[in-house]
Every structure is written in structure tokens, then in C-alpha cells.
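Asker: Quick one: the structure is below, questions incoming.
Protein chains in written order, with the working numbering: chain A, 1 to 190; chain B, 1001 to 1190.
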């Protein structure tokens, strides 16, 4: 990835989202790179995935569906019912279709950043965790999650899956089964 | 169900389990009947399902599998991997094969008492909840669950599903997806 292109992507992302969201995106990119250094993962890909993970978050439902269709991506029937779960796929679609990013690790990291996936690779794990612990996140347990992320990436994946599900219980929200599958799988791996 | 048969079943159950388990079973039977009265459900079936729900709990894995096979029941692939999830099916198998109980509501209540099911009917809901709140249960939140069960059975189903999943997170245990499906479905129904 030439430096010029990442600069261009950063400028473009800043026009896609509100200042509040941009601050979160910058935090996720910075944290993804830090985790990549810590765990020997490709840093440029971590930077790219971090910058692009939420680029579709403020698009309309219609726009998100258009991007997903253009990229030839498919949502599972449960995701179809929950529009809050469309932006990871739409973001990966924009990365692929608009920016020509074909790196499977980067696309996977964008697509899996909200629910995780039982099969996700290390870069996707790093972005999944970075989305949870970046500096502007404030919630009960975030400092513990940050400490876990420094010690063991899979432990931090488990913490995000379990804390998120508990948060959704409190909010009385429907929970996509993939988040539980992420818990079950990383528990076995650890 | 003639009174003689329920007496015979009660005596038999007392020989299948330890005194500790028997106390729990008596509590579940009593609570199931109380919930049946409260929600206009068949009381004899509630008594029977309560008495039989854990009758296979102290059987060996080999015995549980034999009963499940005799009844022609099937476990899903996730249940196959977790022996702690076999006793509801083995218990229903004993009810069917040994005691000739063919009432679908009773068999469903026994089979669904641990994980629930998104499709379970009112009797199964009552036994699922009774298993959680019977008098000898002591855990943080049990009094709230008891109060919910008096007001609204489906709310108590939601409480058992969410509190159980949180407990399994703390114990770092694998969680069967049906428990989450129970949460998701009863959330919609309410």
C-alpha cells in the first residue's frame, strides 16, 4: 500500500462520518497498529482495516445494501433482520469496490469487527479487539479488557464477546448467534 | 394420570437420585404446579414434568445414551459434545419408555428444562423457570427472578436465559446456542 493511498483513504473517511465517529476510527486504527506490533501482524494492513472498519456506519440502509450488492457479499438471514449489523459488510464492500483492496485479511477484519467470527484470523482479532478498547471507549471493564489485550489477544476477544453480550442483555436487545459462536470457539482455542 | 401412578413415579424417582437432588426435584415439582395454577396450565402435567425433569441426571453417560436411543430421540451436534446437556433428553426418554408418558407437553417440558427452546409451549416455560427459582436455589438475582415469575412467565424465561449465560461466561464454559435462541425469541414475543 503506497503512503499516498493511505493518506487519500484517511481524507476520504473523514468526509464519510461525523467528527465523533472519526475520533473513534482514529483510535481503532492507532490501537490496531499497536496490537499488530505487539503480535507480529502486518502493520499497514492493520492501519488500513482500522481506518476503514466504520466507513459505512453513517450511510443509509439503502446505500449500505447497494454497496453490499456491488461487492457480491451476502448477509445471513439473522443479519438481514438487524440493520445495525450491515455496516461491517458495507464497509468491506466500499474497501473492495471503491478502493480496490483485495487483501483477504483486511476485508475479513472489516467484516468481522462487530460480531467476530469463530474462524477469524489474527488481523481480524486485532481489529475486533481494537474496536472495543480504543482510547475513546469508556465503559465498566474497559481497563481490564485493555490489560488483557496487552497480554493475550484471544483473551481480549473472549472479553469483548462476553461483555458485549451482557451489555445487550441489559439493553434487552436481540443478539446475533455469531457473537456467541466467537465466544465458544475462542474458549476452546485458549 | 391416576394418583397411584404419580405416587409410584415419585417413589421411583427417589431411588434414581441423591437426597440433595431429590430436594431440588421436589422444589421444581412444587414450583411447576404453583406456576401452572397461576397461568392456567394443566396441574397434573406440571407435577409429572417437575418430578421427572432430572430423573436421569445421575445416570452414567452410557446409560443416558441408551435411554435416548431407546426413545428414538436425537441430539444436535453441539449437544452431542456436551454430556451435561444429555440428561433432559434421557429423562424424557425414561418418561416415555419406562412410564409410557406420551403427553407432548410433558415430554417437551422435560427435554427443554435446561436450554429452553425458542418454540417451547407454556408448560415447558413453567418447568424451565421452576428449575431456576425453586425454593432451594440460592444465587444473586434469584429473588428478582421469583418476583418476575409471579408477574410474567415470559419475563422469567428471559431472566433465566440471560442470567445462565452470564454465569457460564464467569465459569468460562461453552454455551449452547439454543439458550441464546430462547433469549432472542422470547424478547420478540414480549
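Here a beta-carbon is modelled for each residue, glycine too, at the ideal position from N, C-alpha and C. Computed from a predicted model, the values in this text were never measured in an experiment.
With the cut-off set at 8 Å, would you say residue 16(A) and residue 51(A) are in Cβ contact?
Answerer: No; because the gap between Cβ atoms is not below 8 Å, this pair is not in contact.
Asker: Taking beta-carbon pairs under 8 Å, can you tell me which members of the segment 162 to 173 of chain A lie near chain B?
Answerer: Correct list: 162, 165, 166, 169, 172 and 173.
Asker: So, is the C-beta of residue 88(A) closer than 8 Å to a C-beta in chain B?
Answerer: Cβ-Cβ to chain B under 8 Å: no for residue 88(A).
Asker: For residue 1135(B), does the three-state DSSP call read helix, strand or coil?
Answerer: If DSSP states are grouped into helix, strand and coil, residue 1135(B) belongs with coil.
Asker: If contacts are defined as beta-carbon pairs under 8 Å, then residue 1128(B) and residue 1160(B) qualify, I think. What distance do you get, rounded to the angstrom?
Answerer: The Cβ separation is near 6 Å, so the contact holds.
Asker: What residue range does the alpha helix (DSSP H) around residue 1191(B) cover?
Answerer: Chain B is shown from 1001 up to 1190; residue 1191(B) falls before or after that span and cannot be answered.
Asker: I need the straight-line Cα distance from residue 1082(B) to residue 1075(B), nearest angstrom please.
Answerer: When rounded, the distance between both Cα atoms is 10 Å.
Asker: Where do the ends of the alpha helix (DSSP H) carrying residue 1091(B) lie?
Answerer: From DSSP, the alpha helix (DSSP H) with residue 1091(B) extends over 1087 to 1097.
Asker: Any C-beta of chain A within less than 9 Å: which residues of the segment 1096 to 1120 of chain B qualify?
Answerer: If the cut-off is 9 Å between Cβ atoms, the segment 1096 to 1120 of chain B has nothing near chain A.
Asker: Hey, how far is the Cα of residue 131(A) from the Cα of residue 12(A)?
Answerer: Distance between the alpha carbons of residue 131(A) and residue 12(A): 20 Å.
Asker: Hey, how far is the Cα of residue 151(A) from the Cα of residue 1071(B)?
Answerer: Distance between the alpha carbons of residue 151(A) and residue 1071(B) is about 49 Å.
Asker: Starting from the Cα of residue 1014(B), find the closest Cα among 1113(B), 1158(B), 1055(B) and 1157(B) and give me that residue.
Answerer: The shortest C-alpha separation from residue 1014(B) is found at 1055(B).
Asker: Using 8 Å as the limit for Cβ to Cβ distance, is residue 77(A) near chain B?
Answerer: Closer than 8 Å: no.
Asker: Hey, is the segment 176 to 183 of chain A in contact with the segment 117 to 125 of chain A, meaning 3+ C-beta pairs nearer than 8 Å?
Answerer: Verdict: yes, contact present.
Asker: For a test of the three-state rule: what should DSSP assign to residue 173(A), helix, strand or coil?
Answerer: Three-state DSSP puts residue 173(A) in coil, outside helix and strand.
Asker: Contact between the segment 83 to 100 of chain A and the segment 56 to 67 of chain A is defined here as three or more beta-carbon pairs at a separation below 8 Å; is this criterion met?
Answerer: Touching, yes.
Asker: Starting from residue 1077(B), trace the alpha helix (DSSP H) in both directions and tell me its first and last residue.
Answerer: Looking at the DSSP string, the run of the alpha helix (DSSP H) that includes residue 1077(B) is 1077 to 1080.
Asker: Do we get a CB-CB distance below 8 Å when we pair residue 1153(B) with the residues of chain A?
Answerer: Not an interface residue.
Asker: Got a sec? Which residues, its chain only, sit under 8 Å from residue 141(A) by beta carbon, not counting five neighbours each side?
Answerer: Excluding residues within five positions, the ones whose Cβ falls inside 8 Å are 159 and 163.
Asker: Would you say the segment 35 to 51 of chain A touches the segment 103 to 110 of chain A, given that touching needs at least three Cβ pairs under 8 Å?
Answerer: At 8 Å Cβ cutoff, the stretches touch.
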